[in-house]
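Trainee: Structure incoming, see below.
In my numbering, the protein residues as written are 863 to 980.
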């Protein structure tokens, strides 16, 4: 269980690094096939581009809760992050599926008043 949480935390750090470096297409390309089935690359890049324009880069993030579950030999990790950006704050929800020792992105959501109001 904690192996999955640790791998997911590393994947969040990788996500934020790519986000801050503007490598949004790289985030999409390394996502799980379920992630790519839920949104097109164009839609995802437009969405994250809007987050970047309105909120800026990630300056700090902390774990606000997690859930690890295994069903039919598939382990899913959900991490909630309280994240501070240059121009606001938000709660990010990352969903990962474990593939070996690696947590692969299946879903991403952000809840932020600053994102909506700016």
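Ideal Cβ placement from N, Cα and C applies to all residues, glycine included.
1) Does residue 944 come out as helix, strand or coil in the three-state DSSP assignment?
2) Spatial neighbours of residue 922 within its chain, please: C-beta separation below 6 Å, excluding the five flanking residues on both sides.
3) Where does residue 895 fall in DSSP's three states?
4) Can you pull the DSSP bridge partners for residue 967?
5) Any idea if residue 979 is buried or exposed, counting beta-carbon neighbours within 10 angstroms, 16 or more meaning buried?
Mentor: By the coordinates alone:
1) Note: residue 944 maps to strand in three-state DSSP.
2) Result list for residue 922: 946, in chain order.
3) Helix, per DSSP.
4) Under DSSP, residue 967 shares a beta bridge with 958.
5) Per the 10 Å Cβ criterion, exposed.
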